[in-house]
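These notes are about the structure you will find just below.
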Amino acid sequence: MSTGMGDMSGAADTTQEPPLAEGHTSDSEGLERPLPPDARSQNASRRSVRDATLGQRLHTAIPGGAHTYAKGDDQYPSNAPTAIVRGRGCRIWDTKGNVYVEYGSGLRSVTLGHSFPRVVQAAAAALRGGTNFLRPSPVEVECAEQLISLVKAADMAKFTKDGSTATTGALKLARAYTGRDLVALCDSHFFSYDDWYMTITDADAGIPVAIAELTLTFRYNDIASLERLFAQHPRQIACVFLEPERTEAPQDDFLRKVADLCRSEGTLLVFDEMITGFRWHTGGAQAVYDVAPDLSTFGKGMANGFSVSALVGRREVMELGGLHHQQERVFLLSTTHGAETHGLAAAIATMSTYAETDVIGTLHEAGRSLREIVQVAAREAGVDGFFRVIGRDCNLVYETRDPEGLPSQEYRTLFMQELLSRGVLAPSFVVNYSHDEKTIEETGAAVREALDIYRNALTYGVEQFLVGPAVRPPYRRFN
Ligand SMILES: Cc1ncc(COP(=O)(O)O)c(C=O)c1O
Numbered sequence: 159m160s161t162g163m164g165d166m167s168g169a170a171d172t173t174q175e176p177p178l179a180e181g182h183t184s185d186s187e188g189l190e191r192p193l194p195p196d197a198r199s200q201n202a203s204r205r206s207v208r209d210a211t212l213g214q215r216l217h218t219a220i221p222g223g224a225h226t227y228a229k230g231d232d233q234y235p236s237n238a239p240t241a242i243v244r245g246r247g248c249r250i251w252d253t254k255g256n257v258y259v260e261y262g263s264g265l266r267s268v269t270l271g272h273s274f275p276r277v278v279q280a281a282a283a284a285l286r287g288g289t290n291f292l293r294p295s296p297v298e299v300e301c302a303e304q305l306i307s308l309v310k311a312a313d314m315a316k317f318t319k320d321g322s323t324a325t326t327g328a329l330k331l332a333r334a335y336t337g338r339d340l341v342a343l344c345d346s347h348f349f350s351y352d353d354w355y356m357t358i359t360d361a362d363a364g365i366p367v368a369i370a371e372l373t374l375t376f377r378y379n380d381i382a383s384l385e386r387l388f389a390q391h392p393r394q395i396a397c398v399f400l401e402p403e404r405t406e407a408p409q410d411d412f413l414r415k416v417a418d419l420c421r422s423e424g425t426l427l428v429f430d431e432m433i434t435g436f437r438w439h440t441g442g443a444q445a446v447y448d449v450a451p452d453l454s455t456f457g458k459g460m461a462n463g464f465s466v467s468a469l470v471g472r473r474e475v476m477e478l479g480g481l482h483h484q485q486e487r488v489f490l491l492s493t494t495h496g497a498e499t500h501g502l503a504a505a506i507a508t509m510s511t512y513a514e515t516d517v518i519g520t521l522h523e524a525g526r527s528l529r530e531i532v533q534v535a536a537r538e539a540g541v542d543g544f545f546r547v548i549g550r551d552c553n554l555v556y557e558t559r560d561p562e563g564l565p566s567q568e569y570r571t572l573f574m575q576e577l578l579s580r581g582v583l584a585p586s587f588v589v590n591y592s593h594d595e596k597t598i599e600e601t602g603a604a605v606r607e608a609l610d611i612y613r614n615a616l617t618y619g620v621e622q623f624l625v626g627p628a629v630r631p632p633y634r635r636f637n
């Protein structure tokens, strides 16, 4: 489904920037009636946003032209900015000086808004005092204590720089604790760029079969699919991994049933709260649904875009990575940069802002308002069967469907393209704390116009309206 919900997306496939078409790629020849002029794309009238030289340099120096596949050229329409030079609040500027309202900032890690003063000041102050030392710094324990105080199921915390290493650390710990090798993953959730997860996608080149054989999958909200795994592999599964919620809310007490099954099998339950943490609740989605995992991982949302992620959990399990036990040692998350002072200072400032201000309530409120505006716009444009906003208010994504009602990357591209031409960069509608009412209304106006074009595309064919190639599925075998 083309929901744009993955922050891990497909590889960029070009070394050459795709040319920006002059307006529509085709005229109205062959159509039954001419297109209404006011519903045509505004791309033709906007100045170019592509920076071809920079685009070429990016792909010459960096495989994929970016450091997360989700930022790749193949994930955006051809009128997307080549690169972003700065951001403030919910706005960003491209290399040509164009300004955009942005949604899903920093792959959802920038929850307060770009260059949020309190966070920047805290990080800058830490930077001036030195970034990395030979022994721990007090900022490490301050940050750990703060995180532990917010997350109920966290007795201990260990920091690292990205979400993937945190989840891989959780898996290693679970394997060591249980003495088992198998891992059960929710098949529609993303956990890591590491082999144990990527093996369930089509992008599995370079992953040994021996690793692939250790990963099993089950379906979200389908407790029978997990029961089957336990029946097939009794007392052999080290841990069950899932995001407590993605776009679909848990039904029929699903999370509690998963927790009960895990307990009866001696399997550890791991919640990946990379997205839900500090967005659903300061205590994570586990606080919203009142289910305690053995281990959980946090990242995006912890430090307003600074590189900080964490593995937290029950002391008995976490302590295996410590020095005060007689069991076999687990060499757990040991990285040179894991305790960079400025990142942890940024995390403390971010978590303090969450604790002192109703950030979460504001995110939900802004999302609720945007959802309503978009839903009305979709109804008024007559496309509500084809374009739909889904997900929790604080984490909205959209589905795009073609005239047959099938999920469509082409229509997703068209919608993003038309928003971009109106100054909105929105692979999702994930808000941050800096999206104010006025900005939401401005976005609503852009959405209304974009959906008028969407409706025309449903009538006349999407290819008439696309100015460049359609976006591609993120996990694919070939470019
Ligand atoms: C739920 C979830 N888990 C883990 C990760 C991996 O995090 P990172 O990109 O920091 O390695 C992501 C990233 O999108 C994610 O959404």
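Heads up, the sequence shown is in the working numbering, so the first residue is 159 and it goes up one at a time.
Built from N, CA and C at the ideal position, the CB exists for glycine as well.
Self-check item: Under 9 angstroms between C-beta atoms of Gly471 and Ala328
Solution: For this step, residue 471 is matched to residue 313 along the sequence shown. For this step, residue 328 is matched to residue 170 along the sequence shown. Yes, Cβ-Cβ distance for Gly471 and Ala328 is below 9 angstroms.
Practice problem: Tell whether a beta-carbon distance below 9 angstroms holds between Thr318 and Ser350. | Solution: Against the sequence shown, residue 318 aligns to sequence position 160. Against the sequence shown, residue 350 aligns to sequence position 192. The answer is no: Cβ separation not under 9 angstroms.
Self-check item: Endpoints, the beta strand (DSSP E) within which Gly245 is located
Solution: Here residue 245 refers to the residue found at position 87 of the sequence shown. From DSSP, the beta strand (DSSP E) with Gly245 extends over Ile242 to Arg246.
Quiz item: Thinking C-beta only, is Asp209 closer than 9 angstroms to Pro235?
Solution: Sequence index remark: in the sequence shown, residue 235 carries index 77 (1-based). Sequence index remark: in the sequence shown, residue 209 carries index 51 (1-based). Contact flag unset, no.
Practice problem: Tell whether a beta-carbon distance below 9 angstroms holds between Ala504 and Ala280. | Solution: Taking the first residue of the sequence shown as position 1, residue 504 is located at position 346. Taking the first residue of the sequence shown as position 1, residue 280 is located at position 122. It is a contact, given that the beta carbons lie within the stated cut-off.
Quiz prompt | Continuous alpha helix (DSSP H) assignments of at least 4 residues falling wholly in the region 469-508 | solution = Restricted to the region 469-508, the alpha helix (DSSP H) segments that are unbroken, complete and at least 4 residues in length are 473-476, listed in chain order.
Exercise. Compare the Cα-Cα distances from Asn256 to each of Glu600, Val605, Ser586 and Val582 and report the closest residue.
Key: Translated into positions along the sequence shown, residue 256 becomes position 98. Ranked by Cα distance from Asn256, the first of Glu600, Val605, Ser586 and Val582 is Val582.
Quiz item: Does the Cβ of Leu521 have 16 or more other Cβ atoms within 10 Å, making it buried, or fewer, making it exposed?
Solution: Here residue 521 refers to the residue found at position 363 of the sequence shown. Per the 10 Å Cβ criterion, buried.
Practice problem: For Pro194, count neighbouring Cβ atoms within 10 angstroms of its own Cβ and tell me buried if that reaches 16, exposed if not. | Solution: Stepping through the sequence shown from its first residue, residue 194 is reached at position 36. Here Pro194 scores only 44 on pLDDT, less than 50, and its place in the model is too uncertain to base an answer on.
Self-check item: Counted within 10 angstroms of its Cβ, other Cβ atoms place Arg266 as buried (16 or more) or exposed
Solution: If you number the sequence shown from 1, residue 266 lands on position 108. Buried, since its Cβ has 16 or more Cβ neighbours within 10 Å.
Quiz item: Do three or more CB pairs link the region 537-544 to the region 608-616 at distances below 8 angstroms?
Solution: Yes, the region 537-544 is in contact with the region 608-616.
Self-check item: First through last residue of the beta strand (DSSP E) which encompasses Cys301
Solution: Start at 1 with the first residue of the sequence shown, and residue 301 comes out as number 143. Cys301 -> not in any beta strand (DSSP E); alpha helix (DSSP H) instead, spanning Pro296 to Leu308.
Quiz item: Looking only at its own chain, which residues have a Cβ that is under 6 angstroms from the Cβ of Met509, when we skip the five neighbours before and after it?
Solution: Position 351 of the sequence shown, counted from the start, is the residue given in the question as residue 509. Once the five neighbours on either side are set aside, the close Cβ partners of Met509 are Gln304.
Quiz item: In this structure, does DSSP put Leu329 in helix, strand or coil?
Solution: Indexing the sequence shown from 1 puts residue 329 at position 171. Note: Leu329 maps to helix in three-state DSSP.
Practice problem: Let me know the alpha helix (DSSP H) ranges lying completely inside the region 413-441, each 4 residues or longer, listed in chain order. | Solution: You should have found no qualifying run.
Quiz prompt | Strand pairing of Ala315, partner residues [DSSP] | solution = The residue given as residue 315 occupies position 157 in the sequence shown. Ala315 is bridged to Val470.
Quiz item: Alpha carbon to alpha carbon, how far is Thr515 from Asp345?
Solution: In the sequence shown, residue 515 corresponds to position 357, counting from 1. In the sequence shown, residue 345 corresponds to position 187, counting from 1. Cα to Cα, the separation comes out at about 35 angstroms.
Quiz item: I think Gly271 touches Tyr591, with their Cβ atoms under 8 angstroms apart; what is that distance to the nearest whole Å?
Solution: As a working mapping, residue 271 is identified with position 113 in the sequence shown. As a working mapping, residue 591 is identified with position 433 in the sequence shown. In this structure Gly271 touches Tyr591 by the C-beta definition: roughly 6 angstroms separates them, less than 8 angstroms.
Quiz item: So what does Ile548 bridge to, in DSSP terms?
Solution: To locate residue 548, count along the sequence shown from 1; it is residue 390. Paired residue(s): Val555.
Quiz item: Is Ile598 closer than 9 angstroms to Thr405 when the C-beta atoms are compared?
Solution: Translated into the one-based positions of the sequence shown, residue 405 becomes position 247. Translated into the one-based positions of the sequence shown, residue 598 becomes position 440. No, they are not a contact pair.
Quiz item: Sorted by chain position, which residues of the same chain lie with C-beta nearer than 6 angstroms to Gln200's C-beta, five sequence neighbours on each side aside?
Solution: To locate residue 200, count along the sequence shown from 1; it is residue 42. Its pLDDT being 47, under 50, Gln200 is placed unreliably by the model, and nothing is read from it.
Quiz item: With C-beta atoms as the reference, is Ile395 less than 9 angstroms away from Leu413?
Solution: Walking along the sequence shown from the start, residue 395 turns up at place 237. Walking along the sequence shown from the start, residue 413 turns up at place 255. Against a cut-off of 9 angstroms, the Cβ pair of Leu413 and Ile395 comes out as no contact.
Quiz item: To which residues of the same chain is Met574 closer than 6 angstroms at the C-beta, ignoring the five residues directly before and after it?
Solution: For this step, residue 574 is matched to residue 416 along the sequence shown. Once the five neighbours on either side are set aside, the close Cβ partners of Met574 are Pro235.
Exercise. Can you tell me which of the three DSSP states Gly181 falls into?
Key: Here the question's residue 181 lines up with position 23 in the sequence shown. Reliability of the predicted coordinates at Gly181 is poor, the pLDDT of 28 falling under 50, and the value obtained from them is presented with this limitation in mind. DSSP places Gly181 in coil when its eight states are reduced to three.
Quiz item: Taking DSSP as the reference, what is the three-state secondary structure of Pro565?
Solution: On the sequence shown, residue 565 is found 407 positions in, with the first residue counted as 1. DSSP places Pro565 in strand when its eight states are reduced to three.
Self-check item: Close beta carbons around His593, own chain, < 7 angstroms, minus the five adjacent residues each side
Solution: Stepping through the sequence shown from its first residue, residue 593 is reached at position 435. Correct list, in chain order: Cys248 and Ala524.
Quiz item: Distance, Cα to Cα, Ala445 vs Leu212?
Solution: Counting from 1 along the sequence shown, the entry for residue 445 is found at position 287. Counting from 1 along the sequence shown, the entry for residue 212 is found at position 54. Straight-line Cα distance between these residues: approximately 45 angstroms.
Exercise. Give every residue of the same chain whose Cβ lies closer than 7 angstroms to the Cβ of Met356, excluding the five residues on either side of it in the sequence, and list them in chain order.
Key: Position 198 of the sequence shown, counted from the first residue, corresponds to residue 356. Correct list, in chain order: Asp362 and Ile365.
Quiz item: Do you know how far the Cα of Met460 is from the Cα of Ile433?
Solution: On the sequence shown, position 275 is the one that residue 433 refers to. On the sequence shown, position 302 is the one that residue 460 refers to. Computed Cα separation, rounded: 10 angstroms.
Quiz prompt | Arg249, enclosing beta strand (DSSP E) - first and last residue | solution = Translated into the one-based positions of the sequence shown, residue 249 becomes position 91. Note, Arg249: beta strand (DSSP E), Arg249 to Asp252.
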